[in-house]
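Note sheet for the following structure.
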Amino acid sequence: MTKKILILLFILIPINANALIEVDITRGNLNPLPLAVSPLSIDEESRKGFEKILKKENIGSEISNIVENNLRTSGLFNPLDKKAFLQDPDIANLKPRFEDWNLIKAQALITGKVNYVDDKLRVEFRLWDVLAAKEMMALAFTTVPNNWRRVGHIISDKVYERLTGEKGYFDTRIIYVSEEGPKTQRIKKLAIMDQDGANNKFLTLGNELVLTPRFNPASQMVTYLSYFKNMPRVYLLDIETGTQEVVGDFPGMTFAPRFSPDGKKIIMSFAKDGKSDIYTMDLENRIVEKITNHPSIDTSPSYSPDGKYITFNSDRSGYQQIYVMKNDGSDVKRISFGNGLYGTPVWSPRGDLIAFTKLHKGKFYIGVMRTDGSGERLLTENYYQEAPSWSPNGRVLIFYRETKTNSKGEGFSAKLWSIDLTGYNERQIKTPTDASDPSWSSLLSN
Amino acid sequence: MRLNKIFKNTLLVLAACLVLSACATKKEVATDIQGQMQGDVYTGTDTVEYLADGVPDRVFFATNESILTTASRETLRAQAAWLRKNPNINVVLEGHADERGTREYNLALGERRANAAKDYLMTYGISSDRITVLSYGKERPVDSGSNPLAWSKNRRSVTVKAN
């Protein structure tokens, strides 16, 4: 629903300058850039107008809080305490007193204004380079008031992109599996939320087991595994309309589904007679193709961003390892050769890395390697964690972690976590229930 | 062909018996503290239910394996005999894995384990029409513990009456 609403975007004054911070993807950013997010200023009449519709006392502050929170959780920025701000929001938006902002060590400043115009929310914001004492970017949006959170995320994306030179990932959603109940009889539901945990919604009722949802990168479709009628099959769900359908007509379990990068195919495993092979189904003409043909278990497929290659998990060598092949199934090459077992390979949206789960000596790791298997880096170690999913800019990985139970088998929990590609900035993503199998959407706007 | 296979199975069973008795004389080296595991295969009866008198409903597996142990073969032969006596009963073989693996691989592994049991039932004359395979991967453990004994109970294929 919200995605169909057009967000009008005007570039007020385009200015070109270099990125303020250099994002180093191998060493991490240990000195996040100090910046000030001034609350968006709002006139009294607009404030009252929005208070009535949105039940928020000051929508200007609410939007700036979203921006501040996004930038902080990225780990690349250090938003300064608002109590230290010397200049009022409305005046700062007209012309910042750079000396004041310099004094509190802000290197960048975000200011803006909110208006209630013709039942619409109009937001303008400016990004200022404090040291150079000049404006870096100015944009304005007009949208329906209910979209206010998305406005905050879009501003965050614009600021992130302008300051780092990389696309942001804040105007995105996460689909995941909500979990409740005892470990031996978990109730699982599909759930969706904004990247920052807001707007959580359940998509299924929990009557049947559901697993491993994935977004279509090109639309509002989701593919997942459901045990409807005790027949584990891959399903397709339209989140806008709620309609569901089984993918293909297979005489057995289909599982581990994902979309191709253009969103036109589903790639998945089909298990029969103790063997699991990888298949694709074209969503337009429904043609099914068998991609691998081996007596082993072949699963967890993931396309390269150009669609030309597929990485997947196979135990054809005896144990779980990661392989890469051409999209027609030819030229199969094993790429994981380190100690331990490797699973769930996921090709980075940037194309250069494959994220994976590794099991070694009783510990689980999330790691990345180049697409030829070289340069393996383990980002995080734990009792149990798996199934990384990339942010659309290829900078952050989201995954889930399960706890070890005590001697009585109590204390089980499953939570979502994210970590920067550098291995820094590990964070739990709060969910209303336990959670697993997260999958990150593409950017909703560009 | 079939006779040949049965003969081979018998040989395997005999060989396994020999190995086991050899182990037993060596002070049960491979037996777990609670005496409920051999290697890392569960040999206890805590979680086992019975389809009929003397017909256990489940077989257990080693980590990452789908090979049937001697005890599993014995259980499955009892199940096959019971199924031959009850030709109207169909079964679902539910394959499971422990929690120490990735979810998707475990789904495939559960399917492979249940199929190992199915193949064995078929060599003892049970038609594949009477058997449905259903994998739960690591989704339905019987023991919620995070220790080797709990995991061994969870690596299983359970034969469940379908009608």
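First to last, the protein sequences are chains A and B.
Each residue of the first sequence is one higher than the one before, counting from 100 in our numbering.
Each residue of the second sequence is one higher than the one before, counting from -5 in our numbering.
No residue lacks a Cβ here, since even glycine has one placed at the ideal position from N, Cα and C.
Query                                                                                                                         : Result
Cross-chain neighbours of S121(B) in chain A, by beta carbon under 8 Å                                                        : Simply none; closest approach about 15 Å.
Beta-carbon contacts of A232(A) that lie in its chain and below 8 Å, excluding the five residues immediately before and after : F197
C-beta neighbour in chain B for K503(A), strict 8 Å                                                                           : yes
8 Å Cβ cutoff, L478(A) in contact with chain C                                                                                : Among the protein chains of the structure shown, namely A and B, there is no chain C.
E265(A) (DSSP reduced to helix, strand or coil)                                                                               : coil
Contact check, Y422(A) vs F436(A), beta carbons under 8 Å                                                                     : no
The region 51 to 71 of chain B contacting the region 109 to 119 of chain B, beta-carbon criterion three pairs below 8 Å       : yes
6 Å Cβ shell around K282(A) - same chain, five flanking residues per side excluded                                            : F511
For V213(A) and G159(A), the rounded distance between their alpha carbons                                                     : 6 Å
Within 8 Å, strictly: CB atoms of R248(A) and A297(A)                                                                         : yes
N-terminal and C-terminal residue of the beta strand (DSSP E) that N177(A) is part of                                         : F176 to P178
Helix, strand or coil at I124(A) [DSSP, three-state]                                                                          : Because I124(A) carries a pLDDT of 48, less than 50, the predicted location of this residue cannot be relied on, and no value is offered for it.
Chain A within 8 Å of T41(B), Cβ atoms only                                                                                   : no
Closest Cα partner of N492(A) within the set S473(A), E265(A) and Y441(A)                                                     : E265(A)
Partners in chain A for T117(B), counting only beta-carbon separations shorter than 7 Å                                       : Neighbours of T117(B) on chain A: none; closest Cβ ~14 Å, over 7 Å.
Contact list for N412(A) against chain B, beta-carbon separation under 8 Å                                                    : T96, E98 and Y99
Segments of 3+ residues assigned as beta strand (DSSP E) that fall wholly inside the region 250 to 317 of chain A             : 272 to 279, 286 to 293 and 309 to 314
DSSP beta-bridge partners of S375(A)                                                                                          : A370(A) and I396(A)
Proximity winner among K457(A), I434(A), W446(A) and S173(A), relative to L440(A) (alpha-carbon distances)                    : K457(A)
Closer than 8 Å at the beta carbon, the chain B residues around F331(A)                                                       : Just to set this straight, residue 331(A) is Pro in the shown sequence, not Phe. Near P331(A) (Cβ distances below 8 Å), the residues of chain B are L101, L128 and S129.
Chain A within 8 Å of P135(B), Cβ atoms only                                                                                  : yes
Beta strand (DSSP E) runs wholly inside the region 140 to 185 of chain A, at least 3 long, in chain order                     : 176 to 178
Exposed unless 16 or more other CB atoms sit within 10 angstroms - verdict on E167(A)                                         : buried
CA nearest to the CA of T521(A), picked from S488(A), T532(A), N505(A) and T479(A)                                            : T479(A)
Close-in-space but distant-in-sequence residues of the same chain around E339(A) (CB under 6 Å, 5 per side omitted)           : Q319
First and last residue of the uninterrupted beta strand (DSSP E) at S151(B)                                                   : R150 to K155
First through last residue of the beta strand (DSSP E) which encompasses R221(A)                                              : K219 to D228
Whole-angstrom distance between L87(B) and I125(B), CA atom to CA atom                                                        : 7 Å
Opening and closing residue of the alpha helix (DSSP H) in which R78(B) lies                                                  : T64 to K79
N214(A) - containing alpha helix (DSSP H), residue span                                                                       : Note, N214(A): premise wrong, no alpha helix (DSSP H); beta strand (DSSP E) at A207 to V216.
Limits of the alpha helix (DSSP H) - the one that A231(A) falls within                                                        : Premise fails: A231(A) is in no alpha helix (DSSP H) and is neither H nor E.
Where F511(A) meets chain B, residues with beta-carbon distance less than 9 Å                                                 : S138 and S140
Simplified DSSP state of T322(A), which is helix, strand or coil                                                              : strand
Residue range of the unbroken beta strand (DSSP E) whose run includes Y483(A)                                                 : Y483 to W489
Given 8 Å, three or more beta-carbon pairs between the region 495 to 507 of chain A and the region 138 to 148 of chain B      : yes
Counted within 10 angstroms of its Cβ, other Cβ atoms place A534(A) as buried (16 or more) or exposed                         : buried
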